[in-house]
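Trainee:
In my numbering, the protein residues as written are -8 to 118.
1) Flag residue 100 as yes if its beta-carbon sits less than 7 Å from any beta-carbon of chain D, otherwise no.
2) Quick one, which of 17, 40, 67 has its alpha-carbon nearest residue 29's?
3) Looking at the secondary structure, which residues open and close the alpha helix (DSSP H) in which residue 44 lies?
4) Which residues in the same chain have their Cβ closer than 7 Å to the Cβ of residue 52, if we skip the five residues on either side of it in sequence?
5) Tell me the rounded alpha-carbon separation between residue -1 and residue 43.
6) Rounded to the nearest angstrom, what separates residue 32 and residue 7 at their Cα positions?
See below:
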């Protein structure tokens, strides 16, 4: 699958479906939504999720990638280490103030994503 790319529309649909179900999804699930294996998508995931967050920010939506977590965090959503640092940096690049507690910021943003999904349920958001 060399040359295959992560697809924003498919990633958005997967994230929105997970948010409507109030569940977290893995980076691998985002890759799979575009028909890619994790290994094929791995190096592209951070810029892809940042672009998705920037796009969402332009629309006044929360940082949609907040519910995309590493495989070991899918059950609870609480990230640590590199994934949390990456999310916090992306949030700051989107103009958000993370503050001194990135984990608390993430948890708040995850709740915002779930609330957004509830509010927008049934609405066409990506035409």
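Cβ atoms here follow ideal geometry from the backbone N, Cα and C, with glycine treated the same way. All of these numbers come straight from a predicted model, not from anything done at the bench.
Mentor: Straight from the coordinates:
1) You won't find chain D in this structure, because it holds only one protein chain.
2) 17
3) 29 to 49
4) 107
5) 7 Å
6) 20 Å
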